[in-house]
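One structure is given below, encoded as structure tokens.
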Amino acid sequence: MKDRIEIREKKTGKVKNFPISDTAAKALKEYLPGIPTMTPLFPSRKGSLPITRQQAYHILNEAAQMVGIKERIGTHTLRKTFGYQAYQAGYSLDRLQKIFNHSSSRITLAYIGMTQDDTDEIYLNLNL
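This is how it looks when you write it as structure tokens:
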């Protein structure tokens, strides 16, 4: 198995290159033996075609409901949540801005859903 994956962004046409974490590699090793070579990672019922964005949305919402999440979520929700969690874990806004290919850090802050309450919490927790 490769240690990286390349994805072409539909919006910009740019190729993005991502490392595959140990956790993801383990999950893929368990999942992939049942998938024939050159088949989409998430095949539709037709088998030779990938699932659509709408199918992914439906699958994510069913899974969310199964674990008690009431809000509607989509594939973009996962991307935004990644950014929010990375920021909360201490990764710099500049790094996230580059990952998301945003033109400004202000756009990235809005994108990941940082609120004034989040900013206030940082100041108050530092207690300076």
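Taken in order, the sequence shown gives residues 1 to 128; the numbers are from UniProt numbering. Ideal Cβ positions, reconstructed from N, Cα and C, are used throughout, including at glycine. Remember, predicted model here, so these are calculated numbers, not experimental data.
Only residues of its own chain outside the window of five on either side were considered, and among them N17, F18, P19, I20 have a CB closer than 7 Å to the CB of R4, listed in chain order.
For H102, the closest alpha carbon among the candidates Y123, T12, R8 is that of T12. Listed in chain order, the non-local C-beta contacts of K14 below 8 Å within the same chain comprise R8, N101, local neighbours out to five positions each way being set aside. Taking C-beta atoms as the reference points, N61 and R45 fail to come closer than 8 Å. A straight-line Cα-Cα distance of about 13 Å links D94 and Y111. T81 is positioned such that its CB atom lies no closer than 8 Å to that of L96. Within its own chain, the residues whose Cβ lies closer than 6 Å to the Cβ of Y57, once the five positions on either side in sequence are excluded, are G74, listed in chain order. In the DSSP assignment, F18 forms a beta bridge with I5.
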